[in-house]
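Asker: Just dropping this structure here.
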Amino acid sequence: MPDKHQLLLVHFGLLLQRKREEMKKTHIIILVLIAAAIVVLISYTGDLTTYETIASARQKEGKFVNLIAKLDTTQPLEYDAVKNPNYLTFTAIDTLGNSVKVVYHNNKPTDMEKSERLVLKGKMQGDHFECKDILLKCPSKYKDDPKAQQQNQPVVATEPTK
Amino acid sequence: MQYLGEHLFPGQAGHFFAVLSFVASLIATVAYFKASRTELETTKSGWIRMARVAFLVETISVLAMFGILYYIISNHLFEYKYAYNHSDRSLQVEYLLSCFWEGQEGSFMLWSFWHCVLGWVLIWRAKVWEAGVMTVVSFAQFALASMLLGVYVFGVKIGSSPFVLLRNEFDWPILSRPDYLNLIKDGTGLNTLLQNYWMVIHPPILFLGFASTIVPFAYAIAGLMSKKHEWVKPSLPWASFSAAVLGVGIMMGAAWAYESLSFGGYWAWDPVENASLVPWLTLIAGLHTNLIYRNSGYSLRPTYFFYIITFSLILYSTFLTRSGVLGDTSVHAFTDLGMNTQLLLFVLVFFVPALFLYFKQYKAIPSIQKEENTYSREFWMFIGSLVFFLSGMVIIAKTSTPVFNKLFGTNIAPPEDPEYAHNQIQIFVAVIIGFLTAVTQYLKYKDTPKEFFGKKIWIPTIIAVLISLSISFFGEVNYDKKGPGFLFAIHLAIFTAVYAVVANASYIWLGLKGKLKAAGASVAHIGFGMVLVGILISSAKKTVLSWNTTGVTPLRQEDAKERGNPAGNPAENITLFKGVATDMGRYMVTYTKDTINERDRKRYFEITFKAKQGGESFSLYPDVIKNNKGMEGFAANPAAKHYWHKDIFAYITSFQENNSEDTTQFVNRDIKVGDTLFYSNGLIVLNKVSVNPPEQSALYGNGETALFLDIAVLSKDGRRYVATPGIAVNGNSFRPIADTVTAQSLVIQFNKVKDEKKGLLEIGIKESGGITDLITLKVYEFPMINILWLGILIMTAGLIMSIIQRNRQVKNKLKPVS
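If you read the sequences in order, they're chains A and B.
Under the numbering used here, think of the first position of the first sequence as 2, with each following residue one higher.
Under the numbering used here, think of the first position of the second sequence as -14, with each following residue one higher.
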């Protein structure tokens, strides 16, 4: 007498066999394509990067990361289109208070000084962060947000009027 | 408190119509649903009559809201938040409509408006399907109307009304004063990027595309509910219409990005772009399976699925772009209005019941047990649809990483090269789709006689091979940044894309014997193939013309070329000094002047291009517009020179005006003819002195005696400039006539003659930092971009042809021919 498990296995095997006979080539192609799509997505996860703070980015020197920080306005921002229109350097500071010098070989994004948040894409290299791309978060993006709006209220509001 | 000068009536009327449209759409939904569930002819027509009235009320309400909002914006009623936030007094009339779609509320209204229009066409044409289809449309209207309510129910905000007052939304101190309107002089204006003519037409077309996807969806749902499947006939022209409009809408967005935004291209795989592309891909899949079912009886189940998923993806894209979830990954998503839950419900309330109905009815949907023939059109069409669908799934999965982060608290960021991450996959999709587009028309439904296929297919194959080989060998497509594998894939894709164009063009003669009336599908496929060709060539051959190789700026080229420099070599900005011709590859470019246009508040820069070889010369006028909404700086609008085979495309990346006071002093130096002096960046050589030279006669008067120096300035980088400072003497008085070498920021002045016998002169040299206006510019060349735009037009024409063709068939009750 075969035991329960063996029976189940035999049953399952029979089921698979019957399925295989029913399988049309359309089904096989569907399965292959879906498998391909899944493989593509899995391999994509290998390309993904991470959002980091300055401290954690330092630990991953040479690895491509997305640094979330903001412009340190107390430090000088250096950009001179006469000298070199493709060289920008500034200091970024993150919420934990760490700061790092950033070098960006491109033009200065407009409104950089006004931005409240920067997503810096690049690699930590020695003493500085080599930036490949900068994404700005400007307060204007949140103009529908009443809190952000308050900072932008008309100048007249703060002036005493006659 | 009584506030002065407010216009409260429009807002109250707006609120009234918002509530009315909400109620009317609910009534229409219920009445249509009742009508669809009853077989009794008299009861049915009663319900339908009631539903139509409700839908009419709904339509009037939407139109009224539209009109009222337009009135508020165009009359600058800044007591309303919408007008304050999205417009200002200086805005040109043509952009008043753009204010609508800058905010979420206006764009919901636009969507709703298109549903009304489509609804009336359906009421007119859908006959027996009216009740079922309009149940879904009315319900969508109900959902959209809820987005515009702006009421609080048990402390939960439902919708966001465009008719709210400024003073109720913000708590600025001035807003509590009765005369606050006198203090608010102007609105914050329309985002400068949206002040573009594309922004007037792109959103309405795109939203018509969005709205129209509901029709195939509604037919599918009506089919599932009534267990009848004859809807596949009227759904075909609708799906074609939707594919055409959505396709055009998406590509208008691409044209906008290309022509008005400085993204440096027409497509960047931005989440917002992806979110509208993916439903188009699944819609095309659905359109093709729908055709398969009409002609062979296969693929009804996938047709249901694709139409359901298409509309669901439209809703999902709405969620993505409006919930603020894309904040870190997209450059142009809407801002968060705090209605994320409602937006999510909007997706789920359609998706979940639709999927539930689909799986419940799955077994009952007819399908043929016998397998498709490999030599049949339906087999390969189905494979193509599947590839389209899966490619869409891959794109949307990649785009959804921010959602994934939100759900699971991860911090996944896009890859280092997000565009390539898409390109390396989609290029193979293009290869497969291009190939299938080329050959599938040559197969017949059910079974293809082998000799027919063999006899017809070799002509287009040979032509396509020849054309694509000549592109590969002479087209200089050598994009090798991503290695030889990707370059090979590009060439392979160019072949299949050319094959798609040639094979479908030939099919009009070989297969259809030149019957152009029946050639809608072929024409659409030609257009699609051209789109692929245009994308492949223009992207692979996109070149930066403004490589900064001039000596004018001490470039840190060595930095850029350093090994392991993650910045690569993006020295794509070139500095141009006003009036100085600068070497830029094939061209000498000069920034000649700039002017401010009062009407559109833009500053236009005239940049002249002169080819070094051949007499070609042209001017481009890129412009900048000062930012508004509390932002400093400016937004740049590119300008392009269009040739039939390429575009030269330039935009300003920064500009500096010399308005600072010049504080540097002249340094006086002695010099004799033939002497050489140094300045910080090179040499100054005095060639000769001339008295009253005729060349400079304009600079001195009749009674004056003038001495002019002929000075050569040689800069470190080997450039040579001429300076002719002079001195004009009249009796005892004399005046210096200084000359400037702008590119070197050098001013040279002839001070006096020190020793006549020795020929010793004194000149003053001034080197100043900010002596001249300058701009930095990026210039790209996009070859063959016009094939892309032309392809879109042809594809649209093809889809319209097939709509006409189908409608004629429906009228004549003929069996379809293809």
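No residue lacks a Cβ here, since even glycine has one placed at the ideal position from N, Cα and C.
Thinking just about the alpha-carbon of each residue, which of A:D134, A:H12 and A:A58 is nearest to the one in A:V101?
Answerer: For A:V101, the nearest C-alpha among the options comes from A:A58.
Asker: Smallest Cα separation from B:A449: which of B:F480, B:F459 and B:Q426?
Answerer: Residue B:F480 is the option with its Cα nearest to B:A449.
Asker: Could you tell me which uninterrupted alpha helix (DSSP H) segments, each at least 4 residues in length, are contained entirely in the region 455 to 517 of chain B, listed from first to last along the chain?
Answerer: DSSP runs (the alpha helix (DSSP H)) wholly in the region 455 to 517 of chain B: 468 to 495.
Asker: Does any residue of chain B have a CB that is nearer than 7 angstroms to the CB of A:A38?
Answerer: By this cut-off, A:A38 is an interface position.
Asker: Start and end of the alpha helix (DSSP H) containing B:I380?
Answerer: R362 to T384 is the extent of the alpha helix (DSSP H) around B:I380.
Asker: Within this structure, are the beta carbons of B:S227 and B:S261 separated by less than 7 angstroms?
Answerer: Going by C-beta atoms, B:S227 is not nearer than 7 angstroms to B:S261.
Asker: Measure the alpha-carbon distance for B:K467 versus B:K626 and round it to whole angstroms.
Answerer: Near 29 angstroms, if we compare the C-alpha coordinates of B:K626 and B:K467.
Asker: Reducing DSSP to helix, strand and coil, say where B:D724 ends up.
Answerer: Of the three classes helix, strand and coil, the one that applies to B:D724 here is strand, per DSSP.
Asker: Under the rule that 16 or more other beta-carbon atoms within 10 Å means buried, what is B:D465, buried or exposed?
Answerer: So B:D465 ends up on the exposed side.
Asker: Listing by chain order, which chain B residues have their CB less than 7 angstroms from the CB of A:H25?
Answerer: Looking at the sequence itself, residue 25 of chain A is Lys, so the reference to His does not match. Those within 7 angstroms of A:K25 in chain B are E356.
Asker: Work out the CA separation of B:T661 and B:G744 for me, nearest whole Å.
Answerer: Roughly 15 angstroms between the two C-alpha positions.
Asker: At a CB-CB cut-off below 8 angstroms, which residues of chain A make contact with B:K751?
Answerer: Within 8 angstroms Cβ-Cβ: nothing; B:K751 doesn't reach chain A, min ~16 angstroms.
Asker: In three-state terms, what does DSSP make of A:G63?
Answerer: Here A:G63 sits in coil by DSSP.
Asker: Hey, is A:V41's beta-carbon within less than 7 angstroms of any beta-carbon in chain B?
Answerer: True, the Cβ-Cβ gap to chain B drops below 7 angstroms.
Asker: Which residue spans inside the region 120 to 175 of chain B form an unbroken beta strand (DSSP E) run of at least 3?
Answerer: Here the runs fully enclosed are 136 to 138 and 141 to 143.
Asker: Among the candidates B:V487, B:Y706 and B:V676, whose CA atom is the shortest distance from the CA of B:V714?
Answerer: Checked all of B:V487, B:Y706 and B:V676; the closest Cα to B:V714 is B:V676.
Asker: Verify whether the separation of the beta carbon atoms of B:I712 and B:L731 is less than 7 angstroms.
Answerer: The answer is no: Cβ separation not under 7 angstroms.
Asker: Kindly indicate the opening and closing residues of the alpha helix (DSSP H) around A:D48.
Answerer: A:D48 -> alpha helix (DSSP H) spans K26 to D48.
Asker: Could you check the C-alpha separation between B:E741 and B:E747 for me, to the nearest Å?
Answerer: The alpha-carbon atoms of B:E741 and B:E747 are separated by roughly 11 angstroms.
Asker: Is there a Cβ of chain B sitting closer than 7 angstroms to that of A:P50, yes or no?
Answerer: Note that residue 50 of chain A corresponds to Thr in the displayed sequence, not to Pro. Chain B, which has a Cβ nearer than 7 angstroms to the Cβ of A:T50, makes this yes.
Asker: Along the chain, where does the beta strand (DSSP E) containing B:G711 start, and where does it finish?
Answerer: Start and end: G711 to N715.
Asker: Under 7 angstroms between the Cβ atoms of B:P338 and B:L298?
Answerer: The answer is no: Cβ separation not under 7 angstroms.
Asker: Judging by CA-CA distance, which residue of B:M573, B:F590 and B:P607 is the nearest neighbour of B:S596?
Answerer: Residue identity check: residue 596 of chain B is Ala in the sequence provided, not Ser. Nearest C-alpha to B:A596: B:M573.
Asker: Quick one: Cα of B:A9 to Cα of B:S161, how far?
Answerer: Each residue's Cα considered, the two are about 37 angstroms apart.
Asker: Round the Cβ separation of B:R810 and B:K345 to the nearest angstrom and send it over; I've been treating them as touching at under 8 angstroms.
Answerer: Any question about residue 810 of chain B goes unanswered here, given that chain B covers just -14 to 803.
Asker: Using a Cβ-Cβ distance cut-off of 7 angstroms, determine whether B:L179 contacts chain A.
Answerer: Answer no: the Cβ-Cβ gap between B:L179 and chain A never drops below 7 angstroms.
Asker: Would a C-beta distance cut-off of 7 angstroms place A:D48 and B:P400 closer than the cut-off?
Answerer: It is a contact, given that the beta carbons lie within the stated cut-off.
Asker: For a cutoff of 7 angstroms on Cβ pairs, would you count A:D65 as touching chain B?
Answerer: It is Phe, not Asp, that sits at residue 65 of chain A in the sequence shown. Yes, A:F65 counts as interfacial toward chain B.
Asker: State the start and end residues of the unbroken alpha helix (DSSP H) segment that holds B:R279.
Answerer: Counting along the chain, the alpha helix (DSSP H) containing B:R279 begins and ends at P256 to S281.
Asker: So what's B:I350 in DSSP terms, helix, strand or just coil?
Answerer: Coil.
Asker: Relative to the C-alpha of B:I53, which candidate in B:E26, B:K142, B:F148 and B:N653 has its C-alpha closest?
Answerer: It is B:F148.
Asker: Chain B beta carbons: is any one of them nearer than 7 angstroms to that of A:N99?
Answerer: With 7 angstroms as the cut-off, A:N99 does not count as an interface residue toward chain B.
Asker: Give the residues of chain B in contact with A:Q31, contact being defined as C-beta atoms less than 7 angstroms apart.
Answerer: Reading the sequence as shown, one finds Ile at residue 31 of chain A and not Gln. The answer, in chain order, is L371.
Asker: Between B:D740 and the ligand SAH, is there a pair consisting of the residue's CB and a ligand heavy atom that are separated by less than 6 angstroms?
Answerer: The ligand SAH is absent from the structure shown, which contains no ligands of any kind.
Asker: Would you call the region 198 to 215 of chain B and the region 762 to 779 of chain B touching, i.e. three or more CB-CB distances under 8 angstroms?
Answerer: With a cut-off of 8 angstroms, the region 762 to 779 of chain B and the region 198 to 215 of chain B do not count as touching, because too few Cβ pairs lie within range.
Asker: Quick check: what's the CA-CA separation for A:S141 versus B:I169?
Answerer: Annotation note: pLDDT 42 at A:S141 (below 50); position unreliable, coordinate value reported separately. Cα to Cα, the separation comes out at about 19 angstroms.
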